[in-house]
C-alpha cells in the first residue's frame, strides 16, 4: 500500500534538485495510502514528503496545488507545498510528482479520538469550507452518483459470490438516493476524504489537514457527514463524539435548516461512496487485510444511521442546541 510506483534514489535526487533542496540521501516508503505512491525523501536540508500521483493528471494536479496554496494563505492548517516545476512537468514512471514540507506530528488510532480532538477537526473542516467558498476554480467531484454506479457495475463484473448481497444493498441505496437525495444545499470546496490518517497532531494540537487530492466542489454538509463517519465510529457510531464534532463545526460555520434536514441523507450517501470505493480499491485489488479499510464497516455505519430518521438524527447531533 502506498507504493504502486517505485521511487529510487536517482529519481529522488532529480526531484529534490528541481526544488532546490540539495542532495537526496535516502528514500523512505510510506505504507499508508490506497491510491497514490508516497515517500519521505531525506536530504541535506531535511526530510520532505513526495507523492507520485497514480490517478491524477495535469488538470487535477494543478487544481490541488492551487487549492492548497489558497487555503494555506487563508490560515487553514496545511503542509507547505514546495514551489518548483509546474504540474506534471516533473514525473517518475510517467506519474506527476509533488513535494511538501514534512509536518512533524502523528495521526491517531480510534482509541485516542476524544471530544476535544473531534471538536478541533470539526472546526478545521468548517474553516476550510468557509474560506474555500471564495476559491475561484470550480471542479466537479470524482465520486458523484453516476461515478458510483459505474464502480458498482465494475464490482459486479468481478462475479464474486460474497459480494452479491453487499452490492444489492448498495444498488438499492443508490437508486433511492438518485430519486430522493436533497440537492438545494450550500456548496463550495469539500475535502471529501478527511479520515484520521489525513490529520496530523502534536498532543491535542491539530497540526495539518492532509491529502486534498479528492477535493472538489460539492455539498458542504456531505463533507461533514464523511468526517463524522470517519472519526466517530469504532464498533458502532459514537453519538457523543459525533455531536462534539458537529459542535466544533458549528463554532466556525453554522448549519442551515436545510442542511440539518439533509444530514441523514448525506451520511447515507457517504456510506454508499466509501463502501463502493473500498470494495474496488482495496478488496478487489487484493490488498485487503482484517481491519484495514474494510468496505463492510461502511455497511455497518449505514445500518446504524438507518435506525434513526432524518429528524431524530438531527436532534441527536445538536439541532436546536446552542453552540
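Residue numbers (the working numbering): 37 to 359.
No residue lacks a Cβ here, since even glycine has one placed at the ideal position from N, Cα and C.
Item	Value
Figure out for me which residue from 86, 159, 291, 212 has the closest Cα to the Cα of residue 39.	86
Determine contact between the region 236-243 and the region 156-164, defined as no fewer than three beta-carbon pairs at a distance below 8 Å.	yes
How many angstroms separate the CA atom of residue 37 from the CA atom of residue 342?	The predicted position of residue 37 is uncertain, since its pLDDT is 48 and thus under 50; a value taken from the coordinates is nonetheless stated next. If I take the Cα positions, the gap works out to 32 Å.
How big is the Cα-Cα spacing for residue 318 and residue 330?	8 Å
Straight-line CA distance for residue 288 to residue 282?	10 Å
Look at the Cβ atom of residue 223, then the Cβ atom of residue 184, and state whether they are nearer than 9 Å.	no
Residues bridged to residue 214 by DSSP?	Partner(s): none; residue 214 has no beta bridge.
Rounding to the nearest angstrom, what Cα-Cα distance links residue 328 and residue 127 in this structure?	30 Å
In this structure, does DSSP put residue 121 in helix, strand or coil?	coil
Identify, in the order they occur along the chain, each residue of the same chain with its Cβ nearer than 8 Å to the Cβ of residue 259, setting aside the five sequence neighbours on each side.	161, 165, 226, 227, 228, 230
Could you compute how far the alpha carbon of residue 93 sits from the alpha carbon of residue 134?	12 Å
How many whole angstroms separate the CB atoms of residue 337 and residue 275, which I take to be in contact at a CB cut-off of 8 Å?	At roughly 13 Å, the Cβ-Cβ gap does not stay under 8 Å, so residue 337 and residue 275 are not in contact.
Thinking C-beta only, is residue 109 closer than 9 Å to residue 248?	no
Beta-carbon within less than 8 Å of residue 272's beta-carbon, same chain only, minus the 5 sequence neighbours each way: which residues are those?	336, 340
Quick check on the DSSP output: the beta strand (DSSP E) that includes residue 237 runs from which residue to which?	235-238
Give me the DSSP bridge partner(s) of residue 254.	224
Could you tell me which whole alpha helix (DSSP H) segments of length 4 or greater appear in the region 255-334?	256-267, 275-288, 293-314
If we count Cβ pairs, one from each stretch, closer than 8 Å, do we get three or more for the region 69-77 versus the region 41-54?	yes
So is residue 82 buried or exposed if we call it buried at 16+ other beta carbons inside 10 Å?	exposed
If we require 3 or more residues per run, which beta strand (DSSP E) segments fall completely within the region 104-175?	131-137
What residues are listed by DSSP as bridge partners for residue 73?	88
Quick check: is the beta carbon of residue 197 nearer than 9 Å to any beta carbon in chain D?	Among the protein chains of the structure shown there is no chain D, as only one such chain exists.
What are the uninterrupted segments assigned as alpha helix (DSSP H) that are 4 or more residues long and contained completely in the region 177-212, given in chain order?	181-193
Tell me whether the beta-carbon of residue 102 lies closer than 9 Å to the beta-carbon of residue 171.	yes
May I have the straight-line CA-CA distance separating residue 356 from residue 115, to the nearest angstrom?	36 Å
When you compare each of 176, 200, 267, 105 to residue 315 by their alpha carbons, which one comes out closest?	200
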